[in-house]
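Please read the structure below before turning to the comments.
Number of protein chains: 4
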Amino acid sequence: MIIVMQQGASETEIRGVEARLQELGFQTHPIYGVERTVIGAIGDKRNGHAEVILNLPGVERIIPILRPYKLVAREVKSETSCIQVRGVTIGGEGVVVMAGPCAVESEVQLIAAAKAVKEAGGHILRGGAFKPRTSPYSFQGLEEEGLKLLANAREATGLPVVTEVIDTRDVEVVERYADILQIGARNMQNFRLLREVGQAKKPVLLKRGLAATVEEWLMAAEYIAAAGNHKIILCERGIRTYETGLRNTLDLSAVPLVKELSHLPVIVDPSHATGNYRMVPPLAKAAVAAGADGLMIEVHPDPARALCDGPQSLTPERFAALMVEIERVATAVGRAYYPSEGRVRKLAQA
Amino acid sequence: MIIVMQQGASETEIRGVEARLQELGFQTHPIYGVERTVIGAIGDKRNGHAEVILNLPGVERIIPILRPYKLVAREVKSETSCIQVRGVTIGGEGVVVMAGPCAVESEVQLIAAAKAVKEAGGHILRGGAFKPRTSPYSFQGLEEEGLKLLANAREATGLPVVTEVIDTRDVEVVERYADILQIGARNMQNFRLLREVGQAKKPVLLKRGLAATVEEWLMAAEYIAAAGNHKIILCERGIRTYETGLRNTLDLSAVPLVKELSHLPVIVDPSHATGNYRMVPPLAKAAVAAGADGLMIEVHPDPARALCDGPQSLTPERFAALMVEIERVATAVGRAYYPSEGRVRKLAQA
Amino acid sequence: MIIVMQQGASETEIRGVEARLQELGFQTHPIYGVERTVIGAIGDKRNGHAEVILNLPGVERIIPILRPYKLVAREVKSETSCIQVRGVTIGGEGVVVMAGPCAVESEVQLIAAAKAVKEAGGHILRGGAFKPRTSPYSFQGLEEEGLKLLANAREATGLPVVTEVIDTRDVEVVERYADILQIGARNMQNFRLLREVGQAKKPVLLKRGLAATVEEWLMAAEYIAAAGNHKIILCERGIRTYETGLRNTLDLSAVPLVKELSHLPVIVDPSHATGNYRMVPPLAKAAVAAGADGLMIEVHPDPARALCDGPQSLTPERFAALMVEIERVATAVGRAYYPSEGRVRKLAQA
Amino acid sequence: MIIVMQQGASETEIRGVEARLQELGFQTHPIYGVERTVIGAIGDKRNGHAEVILNLPGVERIIPILRPYKLVAREVKSETSCIQVRGVTIGGEGVVVMAGPCAVESEVQLIAAAKAVKEAGGHILRGGAFKPRTSPYSFQGLEEEGLKLLANAREATGLPVVTEVIDTRDVEVVERYADILQIGARNMQNFRLLREVGQAKKPVLLKRGLAATVEEWLMAAEYIAAAGNHKIILCERGIRTYETGLRNTLDLSAVPLVKELSHLPVIVDPSHATGNYRMVPPLAKAAVAAGADGLMIEVHPDPARALCDGPQSLTPERFAALMVEIERVATAVGRAYYPSEGRVRKLAQA
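Given below as structure tokens:
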């Protein structure tokens, strides 16, 4: 930590800051510059609340040096963490595709979607049973009934299932049915929920908050890890900017940046980021080229009748076409691409 | 709702859109322009999921006309809602000041803060017992013990108490001790928590999310109202922008904007917005001049030893000086200013 | 400047960085922490291009300590700079109001506006002759003809005149007619134009760029000062954020922040910030309460027929009513308020 | 254009708006909804200043239907525009790479960079002679001397040259030496400069402004086209957001979005967007996968001694390695990739 003193700070003020820092457990190293004095403070700001130094006379600002996260930092683990889910590896050589409808609407809809995902080569089935909706008047999800349908779809296709949990009281029931617990963008800083899934046994897919910095995102992951669950998958899904041409701004630069800072695998959701199915294919391919470990893509058997987010959903046909293209890009950037069983069969038939 | 067709959309496409709209319960009114056709759709988009129209051939975009909120809209109620809390009126003629420490740390600290607030003329005591902290390694609050200390401080000073609730499972206990339930910025779209406090009897203070639009903020209020609780106080507390000079960017233009759109009272928290005690006085005064119904200000008996947000806390002396200035500005903009009992006594002594 | 080394940087890497820093003219002070080493570099980063240190092996990041501006910094001058313009003082005790139409449209329109401004107590007349418009198909201003009309309006009312310059080639002609040269938000980083007005004799009104940080804004002022012109007035006019409820987000926290960082006077333009005349009065008052040295407000004799920005323009009646309110707020925050000659006459008549 | 009336607007108000619209040349079509009346106005808002309708009583807001740009819209031209520059085609099947140093520093530096670009397979040489720098104390470029060095480098390598122009007064001299005139991000709304390069004969590379919406970017292109120059290349270079992990946020979703809205070719500059050479390769590949027509990449023979933006510059070795990877991705997404003469020779030698 570096404390920058105000220009003209007195010797007494400098010594006062040093004294308080030492009291807080830091070693101090003042450097007297031409215009300003700065004080290097050795010790771990993360354990205390050293920001109160700002209240001392003569202090201008504090600059932290150590990153605030520890367990999820790349520095503690140089290879990317691999998360295993029923035979699918996230964070390994292959690019993993999670796909399915925004919301679970009915058995017919879900099974149709799941089969389409499977046949096209997707690896994991997504679908929302508990839906966080901006309006109280919108469809809020089938809740536990939806979870059961997801479990049935897994039964029918063999695809593992990822679904969102939005309330601390539901973690137990969601974990009973799902293979991966998803924390949505709006709950990225619902710290109680983070702590709760941190005590679960299943892996957690942590979406980046709508206006979360990369550092805050990693701190949210740190919450989960600190509570005991190290099986964390990060998911970039677009951030809020001034641009209104699409729903959000997909931040693909976050992919290589997070991979430099953390050992956690990172996937990308171009469907929610753009809200527009025509934008999904180019950005899905871009995500893979940028180094993402996987994708989350919305697929609906009949987008024009979807109860939620139809405009961003791919039809099964468009999804199948996209999977072929993703495979090519994955290969071009040196990612092994393990086609799912469904796609292997289809390739064999061709 | 207006559906804008693509340039060159065919007559068949236009008729297809009309048919689907009618199926969804809308009346349709096509207008054939020189470059484009638009279709006016009469009916309530809020009840359905009309966005799926976007998936039909020939459609370019949909423009909603009706605002998505109903219960909290100014249009349903022309006068501002007054919220009564133990004799204090929020949303009335007077400017109400809620003040106190960021976190409840101890009985000594809280009582000292509460007395300072009372003596300077503050109306309501704030203090966090459950703290949503960015880092899992930071002080997380005294929890129920903190609630008890708040109740004691109310006992000692007569000031009503506002405190944050961060978990659906805690709503009951918080309501038992507090007079106003606060929903923090990070939980503004924790829809389950909104629904839960919507079923409480006590008023709710709803902070604007860090990157929430005014419309989303009002939709969050709509969630609470739709669940049955109409006693809602909005609180602007700074939004996230590209500017890094201060912690967030206080959006004072939201005050007159929200007052035009909604009948709910609006207060402003300059302490969290700026993170810097030197910025609090000018922005507190500006908030009142902009028409805010109240303020939320952090006051700590010893900011340099605060466990949380010391740098933004006013000392009792600075707070007392600010209250005098706020009174002057409130009067200048035609707000009656009802000094609390404590300040009346002090004025009488002077 | 502080250089933060990567965790595990070798002694050779640390010495390599020190050697290069010394070559660039810095003294170096390494501090060996538990997790990382940082190197304090004493010297002036502003004179060089020390960022290339980032290319050396083992370096993680560089943290500048000195602010990049010098001439406009508060540290070099503790009292606020006063700018004198034909008897009006900007940056002094009084709050100065610049008002008038967005664009100069005709002699009749401008004289009507100028008289309204004068009678209501405004101090300076604004009006655009060269208009930077987003669309090439919009009205681009009367150019030199507009400048002549401004000079006539000054003649008729005695009000000094501020108008925008948008091309290096026009600085000379604008300076011939105007009393203050305005640099618009879109040209805040048109460095050649800054340099050119820096060589002018007349004061410069520098609007904050649409997405400029406070630091960049002060660096733009530094450009003008470095070229020799120290008569600079800063103008906050709203920044671009994700919020779409109003045109931009007025950043009133910039007022006290800039006043802490710089000795230049700061005024606020609520008309452009909001694009909505109903928002102008509350935010104008808020700006004064926040400590602004003045206001820039659009006034048009017939907003519904304005060629530019009618929706944000006040009628003469609304402007006159606002001036009375501004006076009250100015007094409440201890600003002397010098009514213009016109208002004094009106008050005398009343 | 759609005019939304306030709830409860009177019949007189509605007729007043219709009358004014007709006066402005619009046909009107009122639609009476349950809660609100809207008025469809047929005609071209782009030719007038219809926003003044907002000042009429009973009007709530105006919703434009037609996009504000015409000449650059995809609707007027379904195939992408191809720009020819000395045998290189931008906007065709191939992906075009423009590379070179941020600033022209010396003959030795520039020739070394140009040869590296050529040998690795780059198609166009970039290099700044006039530099828009945030600080007046930073290196401002070699100006005309730099232009001459660029012409020499073209002579020596055969690579066409792109360089920035920052002042209306320099357009003539830059056009004399350069093959493509670059408008930098900070000048994207320097409308006079746009008009001036609109009168030039050479193609224009138009960088997106730091906080420009896609619509504003296309309107800036419309300025150039309206002045007569239709040879415009768009360049996405990162936008300003709240995220501070990298210099800016590269908006790759703008690539498919702009391609849907406009017929102009789009390239991407990952060097300026990130400010970090380690981020350049993944994002360059992602840009190509997203459908970009080309890339602009900074290459410096010795980044650690660069006078400008060293930290984002690739060494010749890293650039050569990246070119091989780009080729693979381009092929994977079906882009023909025409290696430059230099690379063909190298491949032949291998």
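Protein chains in written order, with my numbering: chain S, 37 to 386; chain C, 37 to 386; chain P, 37 to 386; chain L, 37 to 386.
Positions of the beta carbon are idealized from the N, C-alpha and C atoms, including for glycine.
Since the structure is predicted, the reported quantities are computational estimates derived from the model, not experimental observations.
Sub-7 Å separation of residue i and residue j beta-carbons
i, j, result
"P:Phe166", "P:Glu181", "no"
"L:Ile260", "L:Gly234", "yes"
"S:Glu258", "C:Pro172", "yes"
"S:Ala45", "S:Gly94", "yes"
"S:Val133", "S:Gly158", "yes"
"S:Val121", "S:Leu300", "no"
"C:Val302", "C:Leu254", "no"
"L:Gly194", "L:Gly177", "no"
"S:Val74", "S:Val40", "yes"
"P:Leu143", "P:Leu185", "What sits at residue 143 of chain P in the sequence shown is Glu, not Leu. Taking 7 Å as the Cβ cut-off, P:Glu143 and P:Leu185 qualify as a contacting pair."
Residue-chain proximity (residue i, chain P), Cβ-Cβ < 7 Å
i, result
"C:Thr73", "no"
"S:Leu102", "yes"
"S:His65", "yes"
"S:Gly130", "no"
"C:Val250", "yes"
Beta-bridge pairing of residue i - partner residues as DSSP gives them
i, result
"L:Val335", "L:Leu350"
"P:Leu217", "P:Thr199, P:Val240"
"S:Gly330", "S:Val132, S:Ile303"
"L:Cys344", "In DSSP, L:Cys344 forms no bridge with anything."
"P:Met41", "P:Val95"
"C:Ala139", "C:Gly164"
For residue i, the first and last residue of its enclosing beta strand (DSSP E)
i, result
"P:Gly136", "132–136"
"C:Ile119", "119–121"
"S:Gly76", "73–78"
"S:Gln63", "63–68"
"C:Leu161", "160–162"
"P:Val153", "Element bounds for P:Val153: not the beta strand (DSSP E) but the alpha helix (DSSP H), 143–156."
"P:Glu272", "268–272"
Endpoints, alpha helix (DSSP H) assigned at residue i
i, result
"S:His308", "306–310"
"L:Val250", "250–262"
"L:Leu297", "290–297"
"C:Val53", "47–59"
"P:Glu191", "180–193"
"L:Glu232", "227–234"
"P:Leu319", "316–325"
Test: residue i CB closer than 7 Å to a CB of chain S
i, result
"C:Gly164", "no"
"C:Ile202", "yes"
"C:Glu87", "yes"
Closer than 7 Å to chain C by CB, residue i
i, result
"P:Val365", "yes"
"P:Thr116", "no"
"S:Asp305", "no"
"L:Val95", "no"
"P:Ala368", "yes"
Any C-beta of chain L under 7 Å from that of residue i
i, result
"P:Leu241", "no"
Near-chain P residues of the segment 280–296 of chain C - C-beta to any C-beta below 9 Å: Flagged, chain order: Thr280, Gly281, Leu282, Asn284, Thr285, Leu286, Asp287, Leu288, Ser289, Ala290, Val291, Pro292, Leu293, Val294, Lys295, Glu296.
Report the residues of the segment 316–341 of chain C with a CB closer than 8 Å to any CB of chain P, ordered along the chain. Contacts with chain P (Cβ-Cβ distance below 8 Å) from the segment 316–341 of chain C involve Pro318, Leu319, Lys321, Ala322, Ala323, Val324, Ala325, Ala326, Gly327, listed in chain order.
Could you please tell me which residues of the segment 253–279 of chain L, in chain order, have their CB closer than 8 Å to any CB of chain C? Arg276, Thr277, Tyr278
Residues of the segment 183–202 of chain L with Cβ closer than 8 Å to any Cβ of chain P, in chain order: Legend: CB atoms of the segment 183–202 of chain L lying less than 8 Å from CB atoms of chain P belong to residues Ile202.
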